[in-house]
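Structure, as structure tokens:
Residue numbers (the numbering used here), protein chains in the order written: chain A, 120 to 264; chain B, 14 to 519.
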């Protein structure tokens, strides 16, 4: 099954650095307005994933969620999380250092979409420690500029 | 060095190369001594340095606010209103200075800041000054001897977090009602656009008693978060994106304080066939209404980012409207003829381009724009886009996700019922527009659209005295109207017995 979210090498390095500073992290893809429609990165203790939030994947042990209503439009997309410089005041932890996580999207091929359909509904809600996540591999983005 | 070369003559002396926090009536250096650089999206030039504050500075601001709290709460509404009117006068007297600072910091065209952002900011102070003079509590006669008195009391110290798209106007929307109701304020401007509020504090810092209005600059995670979760605030007001809105509501559940939230939008702008019945002023107005997605470069929560056009006029209307969009002048925001300026930051520019890419992958047809605008000279370092129009269908991501840029997604509808269904097929409900010569169309759609503001045969006007706020995931609470005073006040009920007789129970 194709991964719903992957991280560029630069985004992985930034995630590791943030983990060293802030401990366990959680990502939540924000909806609209201002600095929204972008991944927000918080301390895990600082944001509670809701029961209906969809787990898109794990990166470096950190869950990456999106709201259930938002997910409906992302089912057949692969999100690549990268890093951009400059701007976007945000509560997301990396923004204070002048960089922002940013998402690029790729529509799945018909075959990938079929695999997504065959895989059943995604995991929703906070992850228990015993939960095994079988999807959400990370890697370098092919399409990132 | 700060580049203030393009500011109005005679105003240089009023700008500082570095701004500290404004706490307790004076400028206060950040505790850790850190600053960040505020740059202009117009050409990448440095505007000033600004305090990079953290939780320690928030605590100092809260100390000052709490020290001022009881004095300000007891200041008469007459006096509070007088001081707010004075703030409005100072804003008016410095219109050109504030407009040029706002344009340089945000990238929005000077024609917008001169005619909308700054004058409206002054007007909101005057409006709320007037409201508080006319406000009364109430009295209920429970029975002949028992009277319920209802007093309106301030909440105390409130926290406010401002976005970067209308830095001065959003601050005014929030500060004016909070202050006039007798609250002390700790406010955090967005770190992308801190300068206009900093300059304003230089202009009005002597008006209010020390500690009544405190400004703490810095980043969301370092200032916004410690402010929003602080047990010493009695209320939090936030305008921004949905995930942070949820986070702030989670904080508020720990301290049990009320919130007002103004979050995202994906507002439909609905054009009925009868707009083209005549080639007259009204059609011209409707075509401008279509192009208003480019207002403030699309960086507006209420951006009319979906246009729904009735099928029978679709091709003809869209052709005219796209031609109108293609004529939008993108350029130096300080040029009064420029209609669309620079996106607020490079990150914002990249995000918008990523959605334009999504639209193309989804198969939406790009009618105009669709790429970065490369401007000559120093502006080449700025963040400019061509206003972009896609034609597609409402299930596409570009119709459902807030892009927060000058990108319009257009689709068609057959009947009034279709228009309502498509218009409401969104998780948001902040704004909407409806255009028709038929009052039946405009009224019926206006009432059925699930949005807090339905502009009818107009769009993007923001007068004080018209309530503004969202349905659904666009948030809750209504600003820019006297009803927001309810969100900044407690109701105290004195239940008084004038009887001398015991109840007779014990």
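Every residue gets a Cβ at the ideal spot worked out from N, C-alpha and C, and that includes glycine.
Span of the alpha helix (DSSP H), counted from its first residue to its last, around residue i
i	result
residue 162 of chain B	Premise fails: residue 162 of chain B lies in the beta strand (DSSP E), 159-167, not in any alpha helix (DSSP H).
residue 144 of chain B	131-147
residue 302 of chain B	294-304
residue 232 of chain A	229-237
residue 3 of chain B	There is simply no residue 3 of chain B to check, as chain B begins at 14 and stops at 519 in what is shown.
residue 129 of chain A	128-141
residue 496 of chain B	Counting along the chain, residue 496 of chain B falls outside any alpha helix (DSSP H), and DSSP gives it neither H nor E.
residue 186 of chain B	180-193
residue 459 of chain B	452-461
residue 374 of chain B	359-375
Backbone CA spacing between residue i and residue j [nearest angstrom]
i	j	result
residue 184 of chain A	residue 412 of chain B	21 Å
residue 186 of chain B	residue 497 of chain B	10 Å
residue 348 of chain B	residue 153 of chain A	25 Å
residue 381 of chain B	residue 228 of chain A	27 Å
residue 47 of chain B	residue 116 of chain B	26 Å
residue 365 of chain B	residue 288 of chain B	31 Å
residue 296 of chain B	residue 397 of chain B	29 Å
residue 44 of chain B	residue 164 of chain B	40 Å
residue 327 of chain B	residue 338 of chain B	16 Å
residue 595 of chain B	residue 223 of chain B	The question about residue 595 of chain B has no answer here: the residues shown for chain B are numbered 14 through 519.
residue 192 of chain B	residue 162 of chain B	24 Å
residue 172 of chain B	residue 70 of chain B	14 Å
residue 237 of chain B	residue 231 of chain B	8 Å
residue 341 of chain B	residue 162 of chain A	43 Å
residue 511 of chain B	residue 441 of chain B	51 Å
residue 178 of chain A	residue 213 of chain A	16 Å
residue 487 of chain B	residue 216 of chain B	34 Å
residue 189 of chain B	residue 144 of chain B	11 Å
residue 311 of chain B	residue 427 of chain B	27 Å
residue 5 of chain B	residue 509 of chain B	Since the first residue of chain B shown is 14 and the last is 519, residue 5 of chain B is not available in this structure.
Buried/exposed call for residue i, threshold 16 Cβ in 10 Å
i	result
residue 479 of chain B	exposed
residue 209 of chain A	buried
residue 250 of chain B	buried
residue 516 of chain B	exposed
residue 93 of chain B	buried
residue 230 of chain A	exposed
residue 244 of chain B	exposed
residue 135 of chain A	exposed
residue 277 of chain B	buried
residue 210 of chain B	buried
residue 291 of chain B	exposed
residue 183 of chain B	buried
Under 8 Å between C-beta atoms of residue i and residue j
i	j	result
residue 110 of chain B	residue 221 of chain B	no
residue 399 of chain B	residue 383 of chain B	yes
residue 239 of chain B	residue 68 of chain B	yes
residue 225 of chain B	residue 85 of chain B	yes
residue 420 of chain B	residue 318 of chain B	yes
residue 181 of chain B	residue 130 of chain B	yes
residue 42 of chain B	residue 227 of chain B	no
residue 243 of chain A	residue 171 of chain A	yes
residue 120 of chain B	residue 352 of chain B	no
residue 190 of chain A	residue 232 of chain A	no
residue 375 of chain B	residue 409 of chain B	yes
residue 391 of chain B	residue 212 of chain B	no
residue 166 of chain A	residue 263 of chain B	yes
residue 551 of chain B	residue 147 of chain A	This structure cannot speak to residue 551 of chain B, because chain B is shown only from 14 to 519.
residue 587 of chain B	residue 275 of chain B	Since the first and last residues shown for chain B are 14 and 519, residue 587 of chain B lies out of range.
CB contact below 8 Å: residue i versus chain E
i	result
residue 260 of chain B	As a matter of chain content, chain E is missing from the structure shown, whose protein chains are A and B.
Start-to-end residues for the beta strand (DSSP E) that takes in residue i
i	result
residue 8 of chain B	Because residue 8 of chain B is not part of the residues shown, which for chain B are 14 to 519, the question remains open.
residue 320 of chain B	319-323
residue 502 of chain B	502-510
residue 40 of chain B	39-41
beta-carbon residue i near the ligand ADP non-hydrogen atom, thresh 7 Å
i	result
residue 298 of chain B	Among the components modelled here there is no ligand, and therefore nothing to report on the ligand ADP.
Anything in the region 227-258 of chain B with a Cβ closer than 7 Å to a Cβ of chain A? List those residues in chain order, please. 232, 233, 234, 235, 237, 238, 253, 254, 255, 256, 257
For the region 166-194 of chain B, enumerate the residues whose C-beta is nearer than 8 Å to any C-beta of chain A, in chain order. 176, 177, 178
Which residues, in order along the region 366-395 of chain B, keep a beta-carbon less than 8 Å from a beta-carbon of chain A? 367, 368, 370, 371, 374, 375
Just by C-beta distance, which residues in the region 98-131 of chain B are closer than 7 Å to chain A? none
Cβ-based contacts, 9 Å cut-off: residues of the region 220-236 of chain A near chain B: 221, 222, 223, 224, 225, 226
Name the residues in the region 27-61 of chain B whose C-beta lies less than 7 Å from a C-beta of chain A; which are they? none
Mind listing which residues of the region 134-150 of chain A have their C-beta closer than 7 Å to chain B's C-betas, in chain order? 147, 149, 150
Return the residues of the region 401-415 of chain B that lie within a Cβ-Cβ distance of less than 7 Å from chain A, sorted by chain order. 410, 413, 414, 415
Residues from the region 415-439 of chain B in contact with chain A, defined by Cβ distance under 8 Å: 415, 416, 417
Short-range partners of chain A found in the region 473-492 of chain B, where Cβ spacing is below 7 Å: 486
Residues of the region 276-291 of chain B with Cβ closer than 8 Å to any Cβ of chain A, in chain order: 276, 277, 278, 279
Against chain A, which members of the region 340-362 of chain B pass a CB distance test of less than 8 Å? 357, 358, 359, 360, 361
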